[in-house]
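Visitor: I have a structure I would like to understand better, so I am pasting it below and will then ask my questions one at a time.
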């Protein structure tokens with residue numbers, strides 16, 4: 443007998459229904475997308491828009507779903523790391539740095555220039571530029587892993603560039619936020635960046651070797667407490683927390699934790715992580731679409747601005763990152779460019795910071811959220827085209 | 443780049459730290475328990491008391507952890523159902539009914555009599571009796587599955603009796619709550635019970651056959667949307683929701699969903715479910731201990747009453763259910779009796795209902811919570827003794 447879902451809190455029953463609706467809608471639209479010869483991810487993203495406030499209003503975004511969504515993208519990146527059996531961040535480092543930097547500079551300048559030309563204030567233009575800098579690697583990673591393409595040369599470049607983009611994007615957003623408060627502290631920004639770089643560097647070199655040495659010794663001792671799976675979860679949570687303390691996103695820590703475990707992971711561990719990931723990822727994907735708000739775009743001028751920003755967001759990342767990856771050949775450069783397009787949850791966070799800093803009007807906030815979601819929806823079909831003939 | 447854990451909401455970072463603390467403390471104390479030759483479950487339960495408000499105060503119970511905890515016990519019972527390849531609820535039904543009824547009547551009368559003899563009001567005595575009726579099958583199931591004992595004759599009897607206990611317990615609590623409001627509606631109580639019985643009966647007979655017919659046909663069609671795992675999650679959430687609508691606990695639906703899938707489940711599906719379960723269960727186990735409040739028991743009279751109730755709670759379930767299972771032989775009767783002792787989260791829910799109905803004073807509430815947690819802590823070592831020589 444167990445009444446908690448029944449009597450104590452009607453909310454818990456409501457949450458169970460919400461989880462069911464999100465899961466069922468995600469999977470139904472994933473199938474629909476796949477019948478339309480589109481990547482299932484596109485359907486799961488669309489599910490969030492459909493059941494969220496933008497269309498049906500069955501599900502509202504909230505704190506609980508926010509955490510489920512963040513756990514989802516953490517496990518997604520953790521699994522991507524776990525699947526990369528032969529990935530050395532430092533080896534692709536220099537080329538990835540070029541891709542990431544080009545993918546930061548081109549969208550930022552273009553976004554700033556467009557908004558400034560349209561008469562927006564310089565602070566507004568800076569934040570729009572910062573929003574266009576964002577890269578959400580989760581969506582691309584999901585498309586690539588579902589097609590067995592994670593070991594592709596272009597995929598590894600995208601992952602490495604996205605990690606560096608995280609550090610650069612932090613810097614850009616940090617500068618923008620400091621400008622908004624009129625107090626730029628060069629020393630602190632420098633220290634933050636150095637700490638972030640040091641974390642990624644230490645974790646991906648010594649950390650990986652350390653875990654490869656440690657895991658086979660520690661896991662047998664944990665056998666009465668869940669063994670390798672417990673070790674994996676503790677490393678995942680632990681490194682995500684350290685990443686946050688070092689000033690990079692939790693998912694970077696999650697990805698590095700996966701990478702560290704990749705050489706020693708058993709098939710059983712991989713399938714258990716698969717279970718958690720497949721359980722949580724729909725909440726990440728649908729969770730993005732829940733934030734879509736289409737009302738401001740009934741006004742034609744706003745709609746035109748949104749579409750202009752959307753085109754700019756796609757083209758500038760594609761050209762910037764594509765140019766940065768030109769040495770890999772035309773086909774791979776295209777793939778890298780397309781893979782960096784989605785802004786996803788990261789663009790939405792920049793929008794939130796802009797709003798909190800008092801720089802963004804509600805309209806500009808909605809604009810950035812729209813562009814973040816729309817770029818994310820555009821990426822799966824574009825990835826499908828650019829990787830045609832590769833993978834499964 | 444992904445700042446959500448970093449900038450938007452300091453809370454999310456706090457939640458990640460909380461999840462890490464709960465997971466790490468659970469596993470550390472599980473290892474400690476196992477070094478002390480005790481079941482690891484006892485350690486995970488104790489972890490909640492240690493890190494919760496009762497001792498260290500590092501973690502407070504809250505809505506988010508409550509949902510994680512409920513998802514944890516749902517997946518736990520789902521997996522137990524999934525592991526029972528040859529279990530027919532109806533076949534053990536009649537014997538299990540006897541066990542459940544004896545396990546309801548004896549503790550209720552004893553609890554009522556003790557409180558009435560001590561001069562408490564008759565309503566207070568009724569609610570204490572109702573709290574002693576509760577059975578939390580999660581803890582017992584966890585101990586039995588971790589020792590490979592789920593297929594044991596006594597284990598199947600415990601599971602079947604716990605399901606029936608859920609329906610009976612609902613009835614007792616319903617009567618008690620109606621008495622508190624002074625409006626007993628026999629017709630409605632009868633209808634509720636009939637609906638609950640009908641749900642369990644239909645799900646465990648036709649439902650199981652239906653799913654065995656359906657699963658091999660539907661799962662291949664879902665392959666682009668996660669295949670068998672998606673089917674399993676939808677069945678789990680769906681049946682849990684229907685169970686709640688029918689007036690039984692969500693975990694009964696979860697258990698039945700697992701049972702339905704057991705004959706067709708692949709090893710991959712089982713390992714994926716293992717992953718989600720192992721990820722969530724520490725939040726269920728430690729989550730129980732978080733509610734412990736030891737302050738009222740610094741008063742010696744309160745402490746004595748708590749200990750008296752604890753002994754009564756253990757002895758009456760043990761004797762009641764043991765006597766009900768006497769036909770299975772002395773050893774198995776002992777095992778069944780011990781297996782029904784834990785009150786866990788269910789007893790805490792009765793305490794909550796008593797408090798909300800205005801019947802319980804804060805002291806009585808704390809008493810019932812204490813007994814619920816203490817019986818739960820007592821069960822793993824007692825199960826270990828009663829199953830000595832069996833299983834792994």
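Protein chains in written order, with this note's numbering: chain C, 443 to 834; chain U, 443 to 834. In this text, a Cβ means the ideal position worked out from N, Cα and C, and glycines have one as well. The structure presented is a predicted model; accordingly, all values stated were derived computationally and were not measured.
Does residue 491 of chain C come within less than 8 Å of chain U when only Cβ atoms are used?
Guide: Answer no: the Cβ-Cβ gap between residue 491 of chain C and chain U never drops below 8 Å.
Visitor: Smallest Cα separation from residue 605 of chain U: which of U:494, U:467, U:638?
Guide: Ranking U:494, U:467, U:638 by Cα distance to residue 605 of chain U puts U:638 first.
Visitor: Three or more C-beta pairs under 8 Å: does that hold for the segment 522–542 of chain U against the segment 742–754 of chain U?
Guide: Touching, no, given that fewer than three Cβ pairs across the two stretches are closer than 8 Å.
Visitor: Could you tell me which chain U residues have their CB closer than 7 Å to the CB of residue 720 of chain C, listed as they occur along the chain?
Guide: Here the neighbours are 668, 671, 714.
Visitor: Look up residue 780 of chain C in the DSSP assignment and say whether it is helix, strand or coil.
Guide: Here residue 780 of chain C sits in helix by DSSP.
Visitor: Along the chain, which unbroken stretches of the beta strand (DSSP E) at least 3 residues long are found entirely within the segment 560–629 of chain U?
Guide: None, since the segment 560–629 of chain U contains no complete beta strand (DSSP E) of that length.
Visitor: Is the closest heavy atom of the ligand FAD to the C-beta of residue 477 of chain C under 7 Å?
Guide: The model depicted lacks the ligand FAD and carries no ligand whatsoever.
Visitor: Give the residues of chain U in contact with residue 469 of chain C, contact being defined as C-beta atoms less than 8 Å apart.
Guide: Neighbours of residue 469 of chain C on chain U, chain order: 664, 667, 668, 672, 676.
Visitor: Taking C-alpha atoms, which residue in U:766, U:457, U:693 lies nearest to residue 506 of chain C?
Guide: Ranking the options by Cα distance to residue 506 of chain C, first place goes to U:457.
Visitor: What are the boundary residues of the alpha helix (DSSP H) that residue 511 of chain U is part of?
Guide: That run of the alpha helix (DSSP H) goes 505–525.
Visitor: Residues of chain C with CB closer than 7 Å to the CB of residue 466 of chain U, please, in chain order.
Guide: Ordered by position in chain C, the residues that pass the 7 Å Cβ test against residue 466 of chain U are 676.
Visitor: Identify whether residue 691 of chain C lies in helix, strand or coil by the three-state DSSP scheme.
Guide: Of the three classes helix, strand and coil, the one that applies to residue 691 of chain C here is coil, per DSSP.
Visitor: If we cut at 8 Å on Cβ distances, does residue 448 of chain C have a partner in chain U?
Guide: Any reading at residue 448 of chain C needs caution, since the residue's pLDDT is 37, under 50, leaving its predicted position unreliable; the model's value is listed next. It does: the Cβ of residue 448 of chain C has a partner Cβ on chain U nearer than 8 Å.
Visitor: Within 10 angstroms of the Cβ of residue 613 of chain U, are there 16 or more other Cβ atoms? Answer buried if so, exposed if not.
Guide: Residue 613 of chain U should be labelled buried.
Visitor: Which word fits residue 741 of chain C, buried or exposed, when buried means at least 16 other C-beta atoms lie within 10 angstroms of its C-beta?
Guide: When all chains shown are included, residue 741 of chain C counts as exposed.
Visitor: Go ahead and pull the three-state DSSP assignment for residue 633 of chain C.
Guide: Here residue 633 of chain C sits in helix by DSSP.
Visitor: My guess is that residue 669 of chain C and residue 682 of chain C are in contact by the Cβ rule of under 8 Å, so how many angstroms apart are they, rounded?
Guide: Not really, about 21 Å apart at Cβ, beyond 8 Å.
Visitor: In chain C, which residues lie less than 9 Å from residue 482 of chain U when you measure between Cβ atoms?
Guide: By Cβ distance, chain C contributes 666, 667, 668.
Visitor: Under a CB-based cut-off of 8 Å, is residue 692 of chain C close to chain U?
Guide: So, interface residue.
Visitor: Measuring CA to CA, which of U:562, U:549, U:699, U:619 is closest to residue 525 of chain U?
Guide: Comparing Cα positions, the closest option is U:699.
Visitor: Would you say residue 421 of chain U lies against chain C (beta-carbon separation less than 8 Å)?
Guide: Outside the modelled stretch of chain U, which goes from 443 to 834, sits residue 421 of chain U, for which no answer is possible.
Visitor: Distance check for residue 520 of chain U and residue 663 of chain C, CA to CA, integer angstroms please.
Guide: Cα to Cα, the separation comes out at about 28 Å.
Visitor: Can you find a C-beta in chain C that's less than 8 Å from the C-beta of residue 509 of chain U?
Guide: For residue 509 of chain U, the answer is yes, since a Cβ of chain C falls inside 8 Å of its Cβ.
Visitor: Just to confirm the assignment: which complete alpha helix (DSSP H) runs, minimum length 4, are found wholly within the segment 632–674 of chain U?
Guide: Qualifying alpha helix (DSSP H) stretches, in chain order: 650–660.
Visitor: Between residue 610 of chain C and residue 546 of chain C, how many whole angstroms is the CB-CB distance? I'm expecting something under 8 Å.
Guide: Correct: roughly 5 Å between the Cβ atoms.
Visitor: Is there a Cβ of chain C sitting closer than 8 Å to that of residue 571 of chain U, yes or no?
Guide: With 8 Å as the cut-off, residue 571 of chain U does not count as an interface residue toward chain C.
Visitor: Within its chain, find whatever has a CB closer than 8 Å to the CB of residue 800 of chain U; leave out the 5 residues flanking it on each side and keep chain order.
Guide: Excluding positions up to five away in sequence, the list reads 622.
Visitor: What do you get for residue 648 of chain U, buried or exposed, if any count of 16 or more other CB atoms within 10 angstroms of its CB means buried?
Guide: Residue 648 of chain U is exposed by the Cβ-count criterion.
Visitor: Check whether chain C comes within 8 Å of residue 476 of chain U, counting only Cβ atoms and requiring the distance to be less than that.
Guide: With 8 Å as the cut-off, residue 476 of chain U counts as an interface residue toward chain C.
Visitor: Can at least three beta-carbon pairs, one atom from the segment 489–504 of chain C and one from the segment 720–728 of chain C, be found at a separation below 8 Å?
Guide: Flag = yes, the segment 489–504 of chain C and the segment 720–728 of chain C touch.
Visitor: Alpha carbon to alpha carbon, how far is residue 514 of chain U from residue 707 of chain U? Give it in angstroms, no decimals.
Guide: So the two alpha carbons sit approximately 20 Å from each other.
Visitor: Given a cut-off of 8 Å on the beta-carbon distance, is the pair residue 642 of chain C and residue 684 of chain C in contact?
Guide: No, Cβ-Cβ distance for residue 642 of chain C and residue 684 of chain C is not below 8 Å.
Visitor: The alpha helix (DSSP H) with residue 485 of chain U in it runs from where to where?
Guide: Per DSSP, residue 485 of chain U belongs to the alpha helix (DSSP H) from 482–493.
Visitor: Which parts of the segment 679–735 of chain C are runs of the beta strand (DSSP E), unbroken and 3 residues or longer, counting only runs that do not cross its ends?
Guide: Here no run is fully enclosed.
Visitor: For the putative contact between residue 578 of chain C and residue 786 of chain C, defined by C-beta atoms under 8 Å, what is the C-beta separation to the nearest angstrom?
Guide: With 8 Å as the limit, residue 578 of chain C and residue 786 of chain C qualify as a contact, their Cβ atoms being about 3 Å apart.
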